[in-house]
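Following: one structure in structure tokens, then a few remarks.
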Amino acid sequence: MKLDLSNKNILITGAATGMGRASAIETAKHGANVAIVDINSEGLDEVSKELTKLNANYKTYLIDVTSIDETEKKIGEIEKWFDGGINCLVHFAGALEGSVVDIDELSPETWHRIININLNGTYNVTRSVAKFMKKRKSGVILLTSSGAGVLGPGSSAPYSSSKGGTHGLTLHLQEYLSENGVRIHDILPGSIKSPLKEGQLSEALKNTGDVKVFDKNTKELGDPDGVAKIVAFIVSDNADYLRGSIVTR
Ligand SMILES: NC(=O)c1ccc[n+]([C@@H]2O[C@H](COP(=O)([O-])OP(=O)(O)OC[C@H]3O[C@@H](n4cnc5c(N)ncnc54)[C@H](O)[C@@H]3O)[C@@H](O)[C@H]2O)c1
247 MKLDLSNKNI
257 LITGAATGMG
267 RASAIETAKH
277 GANVAIVDIN
287 SEGLDEVSKE
297 LTKLNANYKT
307 YLIDVTSIDE
317 TEKKIGEIEK
327 WFDGGINCLV
337 HFAGALEGSV
347 VDIDELSPET
357 WHRIININLN
367 GTYNVTRSVA
377 KFMKKRKSGV
387 ILLTSSGAGV
397 LGPGSSAPYS
407 SSKGGTHGLT
417 LHLQEYLSEN
427 GVRIHDILPG
437 SIKSPLKEGQ
447 LSEALKNTGD
457 VKVFDKNTKE
467 LGDPDGVAKI
477 VAFIVSDNAD
487 YLRGSIVTR
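Count along the sequence shown starting at 1, add 246, and that's the number in the working numbering.
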């Protein structure tokens, strides 16, 4: 199937590395206009080089999604930069800490930091984008939850809780947004190679000393490009009849 994303103005968060980076490049290959968002400016510079090579129409934005004011203001700027406004949100920004740490030993700082980035950040981004999509009665929103906290326990209490919360938010918004012409999904990626996942495996190794599990899990990591191909389909018009959560390898 040939995808044509030339009518898509896609805001991608967490675009400096991993699946966000791969999705920015993949959707741009299909002609999408992309606004790439992250707190990692070096990573954004590297993705920019790739997008320039593709002759893509793109712009980078440094946004910390934990700041509701900054997020709302800069998403307002992105809305204006795109000709016709934002018609797709792909929200990958996230973090994982506290892997294989018992709840009674987990610091409140770690708990609050991860909930703040993953769950409050998702709220901050979604509310800012939904406002514009509702007015136009069209759009696609793709949030990122995880098997952790949705299909099973996961390795970190705050991470699983934040992802269970993101899944719940997606379910909550489905009916309301579809009444306003907006399609919303959450994606549940499997174990995919990225700084976040490699950090999780290293933290788990430090806390358990289990080299065998570390080696096995490292070997089995999937490629972010595989997920990016699915993202490109989800935001396309070919996926208009798609509903609900999407589980990937
Ligand atoms: N890799 C996996 O196996 C896996 C599995 C399930 C879910 N996920 C989720 O997928 C998403 C993408 O993760 P990834 O694995 O590609 O990791 P990644 O580390 O490559 O990407 C996460 C990105 O989010 C950015 N980010 C972190 N805090 C931010 C903030 N406050 N504001 C803006 N940007 C911020 C980081 O700089 C990074 O570029 C995350 O939400 C993650 O929880 C990953």
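Positions of the beta carbon are idealized from the N, C-alpha and C atoms, including for glycine.
- Under DSSP, the beta-bridge partners assigned to Val280 are Ile256, Tyr304.
- For ligand 1, no non-hydrogen atom lies closer than 8 Å to the CB of Ile361.
- Restricting attention to Ala278, Ala262, Lys305, the CA atom closest to the CA of Asn286 is found in Ala262.
- In this structure, ligand 1 has a non-hydrogen atom nearer than 8 Å to the beta-carbon of Leu434.
- Counted as a single uninterrupted DSSP element, the alpha helix (DSSP H) harbouring Arg373 occupies residues 367-382.
- Less than 9 Å divides the Cβ of Asn255 from the Cβ of Phe328.
- If you draw a 10 Å sphere on the C-beta of Ser353, you find fewer than 16 other C-beta atoms in it, and that means exposed.
- Here Cys334 is near Leu388, since their CB atoms are less than 9 Å apart.
- With a contact defined as Cβ atoms closer than 8 Å, Leu488 and Val375 miss out at about 19 Å.
- Remark: C-beta atoms of Pro435 and Glu343 do not approach each other more closely than 9 Å.
- The alpha carbon of Thr494 has as its nearest neighbour, out of Ser392, Thr464, Ala450, the alpha carbon of Ser392.
- Taken from the Cβ of Ser374, every heavy atom of ligand 1 lies 8 Å or farther away.
- Taking C-alpha positions only, Ile321 is separated from Leu249 by approximately 26 Å.
- Within the same chain, Cβ atoms closer than 7 Å to the Cβ of Gln420 are found at Ile430, the five residues on either side in sequence being excluded.
- Inter-residue distance for Ala274 and Val386 is about 17 Å (C-alpha atoms, whole angstroms).
- A direct Cα-Cα distance of roughly 32 Å separates Gly472 from Glu316.
- Per DSSP, the unbroken beta strand (DSSP E) holding Thr390 starts and ends at 385-390.
- Collapsing the DSSP output to three states places Asp432 in a strand.
- Checking the 8 Å criterion, the Cβ of Ser437 is within range of a heavy atom belonging to ligand 1.
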